[in-house]
Amino acid sequence: MPPPYLTLDDVRPLYAGSDGAHGLDHVLRVTRLAVRIARAEAADVEVVRVAAWLHDVAEERDDHHLAAARVARDLLARARAPSAFIEAVAHSIEAHRFSHPPEPRTLEAQCLSDADKLDAIGAVGVARAFLFAGVHGNRMWTHPLDTLADLIGPDPRAYRRAHAGQQDYTPSHELLCKLAGLAQTMYTATARSLAQERHAFMMAFFRRLDEEALGER
Ligand code: ADP
Ligand code: NI
4 MPPPYLTLDD VRPLYAGSDG AHGLDHVLRV TRLAVRIARA EAADVEVVRV AAWLHDVAEE
64 RDDHHLAAAR VARDLLARAR APSAFIEAVA HSIEAHRFSH PPEPRTLEAQ CLSDADKLDA
124 IGAVGVARAF LFAGVHGNRM WTHPLDTLAD LIGPDPRAYR RAHAGQQDYT PSHELLCKLA
184 GLAQTMYTAT ARSLAQERHA FMMAFFRRLD EEALGER
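For the sequence shown, the positions run 4 to 220 when this note's numbering is used.
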């Protein structure tokens, strides 16, 4: 096993100013999942752990995968980690966003990408979407899912790009535009099986929310 080039005490202060949906809590949940997936898939656990710790370290949200990879390279070089370890971590961070290139080309990068997507679905995914809506002053609910699906139309990603900043874009919109598709995008068998259960729970929650909001339950 390699020496620990980084410890949790080094990582904690890096997330001091982060928002509720990202930040240290998200990073620690993703790290637990990523390490679990890495063990089950026989990936390099130390690469996955350090990549998960550092994957959201960046000031800017827009290109945070590239900025975080730069921070990781810098920190690990100062800790005298071997260049193969640094590159493996940096690639995993660069490739962790499903909507942005590059594609994860290593098993370690796939473990991190899967863990980050798992943290956006299930009960945690529901909680994060409502936390995000609260922080941004968005509405809680506007329409049932079948009406929303018609409203969103055939290109949910284009709809999300055009509307995600607006007050009427609710967690149900986020479900249909992004979250409901994530379970289909897992790279590893371990994450696919965790995702199925999280997906079913999340869909049941939003269907129930419709029923309650309509006064049917
Ligand atoms: P990423 O970190 O992959 O770039 P985002 O920053 O888009 O992802 O989203 C982070 C989390 O916040 C996700 O769980 C996502 O579902 C949630 N989220 C993002 N935008 C919204 C929104 N407009 N309404 C509700 N939840 C959102
Ligand atoms: Ni993340």
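We put the beta carbon where it would ideally sit given N, CA and C, even for glycine.
Could you tell me if residue i is buried or exposed, where buried requires 16 or more neighbouring beta carbons within 10 angstroms of its beta carbon?
| i | result |
| --- | --- |
| residue 131 | buried |
| residue 119 | buried |
| residue 168 | exposed |
| residue 187 | exposed |
| residue 212 | buried |
| residue 85 | exposed |
| residue 107 | buried |
In this structure, how does DSSP classify residue i when only helix, strand and coil are distinguished?
| i | result |
| --- | --- |
| residue 144 | coil |
| residue 102 | coil |
| residue 156 | coil |
| residue 44 | helix |
| residue 60 | coil |
| residue 79 | helix |
| residue 169 | coil |
| residue 124 | coil |
| residue 206 | helix |
| residue 184 | helix |
| residue 49 | helix |
| residue 69 | helix |
| residue 218 | coil |
| residue 16 | helix |
| residue 108 | coil |
| residue 174 | helix |
| residue 11 | helix |
Consider the C-beta atom of residue i and the heavy atoms of ligand 1; say whether any pair is separated by less than 7 Å.
| i | result |
| --- | --- |
| residue 27 | no |
| residue 177 | yes |
| residue 132 | yes |
| residue 210 | no |
| residue 104 | no |
| residue 174 | yes |
| residue 142 | no |
| residue 15 | no |
Going by C-alpha to C-alpha distance, which of the options sits closest to residue i?
| i | options | result |
| --- | --- | --- |
| residue 90 | 192, 75 and 101 | 75 |
| residue 174 | 217, 125, 142 and 96 | 142 |
| residue 47 | 97, 146, 151 and 88 | 88 |
| residue 224 | 191, 58, 77 and 182 | Limits of the chain in this structure are 4 at one end and 220 at the other, which puts residue 224 out of reach. |
| residue 140 | 32, 153, 148 and 171 | 171 |
| residue 138 | 8, 25 and 12 | 25 |
| residue 161 | 136, 150, 176 and 197 | 176 |
| residue 61 | 54, 55 and 70 | 70 |
Does ligand 2 have a heavy atom nearer than 7 Å to the CB of residue i?
| i | result |
| --- | --- |
| residue 33 | yes |
| residue 202 | no |
| residue 119 | yes |
| residue 58 | yes |
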